[in-house]
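In what follows, a single structure is set out as structure tokens and then discussed.
Chains as they are written, first to last, in the working numbering: chain X, 22 to 133; chain E, 10 to 123.
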């Protein structure tokens with residue numbers, strides 16, 4: 022089974038902090054994704070990566086950056102956390118562009 | 010562009026009732042279609058998929074048929090259980106080579122009462 026693991030289930034951070042969310046997949050997938058999930062808005066794509074050191078902006082990249090130094094790991098970085106970034110963050114990976122994505126368990130981030 | 014529209018709910022049913030969650034889509038090309046389920050406090054799990062017109066995806070008693078003529082992929086189950094209470098997401102993946110992953114609907118919250 023594909024396993025996508027996010028480093029934390031719950032995080033509480035202060036406004037202005039730099040926050041790192043980590044995601045690791047164990048199936049040698051090419052593509053990795055970061056989404057945020059908010060009530061009434063569904064899932065929105067923040068960034069994705071199709072190869073090591075490659076990244077592309079999704080629908081809502083503002084206030085975020087990403088890093089993919091190794092194929093199995095994709096990090097989401099909040100450069101200066103703000104309260105409107107309080108959300109559930111979901112990482113996913115997929116083998117190719119025409120295959121389904123597999124999700125991690127999610128990180129619920131609260132910025133106070 | 011791509012979009013997915015689904016009923017948002019909450020949808021409340023009694024145990025053993027028949028379930029339909031509607032999903033329609035807009036896409037260029039010939040997308041693959043998916044239903045994902047999210048149980049409380051968890052990430053998304055793939056429930057079923059269909060990759061071409063008239064395909065039927067099925068899993069755990071749930072079914073959905075890819076209808077190209079009506080651009081729909083409605084989720085059905087003949088007899089729901091309390092354990093089916095979750096949020097269900099319809100999604101599409103375009104075959105046109107769009108390198109941006111899945112497009113999701115906003116999710117339907119399903120509540121099954123004993």
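Heads up, the beta-carbon is just placed ideally off N, CA and C, and yes, glycines get one too.
For clarity, every value in this text was computed on a predicted model and none was experimentally measured.
Helix, strand or coil at residue 106(E) [DSSP, three-state]: Residue confidence for residue 106(E) is low, a pLDDT of 49 falling below 50, so the modelled location carries little weight; the figure read from the coordinates is stated next. The answer is coil: DSSP assigns residue 106(E) none of H, G, I, E or B.
Short-range partners of chain X found in the stretch 67 to 99 of chain E, where Cβ spacing is below 8 Å: Within the stretch 67 to 99 of chain E, the qualifying residues are 98.
Short Cβ contact (8 Å threshold) for residue 85(X) with residue 66(X): In this structure, residue 85(X) lies away from residue 66(X), with their beta-carbon atoms at least 8 Å apart.
For residue 104(X), three-class secondary structure by DSSP: Of the three classes helix, strand and coil, the one that applies to residue 104(X) here is helix, per DSSP.
Reference residue 72(X), options 52(X), 82(X) and 59(X), closest by Cα: Ranking 52(X), 82(X) and 59(X) by Cα distance to residue 72(X) puts 52(X) first.
Rounded C-alpha distance that separates residue 100(E) from residue 100(X): A direct Cα-Cα distance of roughly 30 Å separates residue 100(E) from residue 100(X).
3-residue-minimum beta strand (DSSP E) runs that sit fully inside the stretch 37 to 74 of chain E, ordered along the chain: Qualifying beta strand (DSSP E) stretches, in chain order: 41 to 47, 53 to 59, 65 to 68 and 71 to 74.
Straight-line Cα distance separating residue 93(E) from residue 122(E): Our two residues, residue 122(E) and residue 93(E), have alpha carbons roughly 10 Å apart in a direct line.
Residue 68(X) versus residue 79(X) - alpha carbon distance: When the Cα atoms are used, residue 68(X) and residue 79(X) turn out to be separated by approximately 5 Å.
DSSP-derived helix/strand/coil call for residue 94(E): Coil at residue 94(E), not helix or strand.
Minimum Cβ-Cβ distance from residue 57(E) to chain X less than 8 Å: It does not: the Cβ of residue 57(E) has no partner Cβ on chain X nearer than 8 Å.
Min CB distance residue 42(X) to chain E below 8 Å: In terms of beta-carbon proximity, residue 42(X) stays away from the interface with chain E, with every pair separated by 8 Å or more.
Partners in chain X for residue 102(E), counting only beta-carbon separations shorter than 9 Å: The contacting residues are 115, 118, 119, 120, 121 and 122.
Beta-carbon proximity check, residue 119(X) vs residue 102(E), cutoff 8 Å: Their beta carbons are under 8 Å apart, which means residue 119(X) touches residue 102(E) by this criterion.
Chain-order list of residues whose beta-carbon lies under 7 Å from that of residue 107(X) (same chain, five-residue window excluded): Cβ contact annotation for residue 107(X) (same chain, cutoff 7 Å, sequence separation greater than five): 130, 131 and 132, in chain order.
Beta-carbon separation (whole angstroms), residue 40(X) vs residue 112(X), contact threshold 8 Å: Contact doesn't hold; Cβ gap of about 14 Å is too wide.
Length of the line joining the Cα atoms of residue 102(X) and residue 52(E): Spanning the two alpha carbons is a distance of roughly 23 Å.
Proximal residues of chain E, C-beta to C-beta of residue 97(X) below 8 Å: Within chain E, no residue comes near residue 97(X); the closest Cβ sits about 15 Å away, beyond 8 Å.
Whole-angstrom distance between residue 64(X) and residue 26(E), CA atom to CA atom: The alpha-carbon atoms of residue 26(E) and residue 64(X) are separated by roughly 28 Å.
Closest by C-alpha distance to residue 128(X), when choosing among 90(X), 88(X), 57(X) and 81(X): Answer by Cα proximity: 57(X).
Chain E residues whose Cβ lies nearer than 7 Å to that of residue 126(X): Under the 7 Å cutoff, chain E gives 51 and 52.
Residues of the stretch 62 to 85 of chain X with Cβ closer than 9 Å to any Cβ of chain C, in chain order: Annotation note: the requested chain C is absent from the structure, which comprises protein chains X and E.
Where the beta strand (DSSP E) containing residue 76(X) begins and where it ends: Residue 76(X) -> beta strand (DSSP E) spans 75 to 78.
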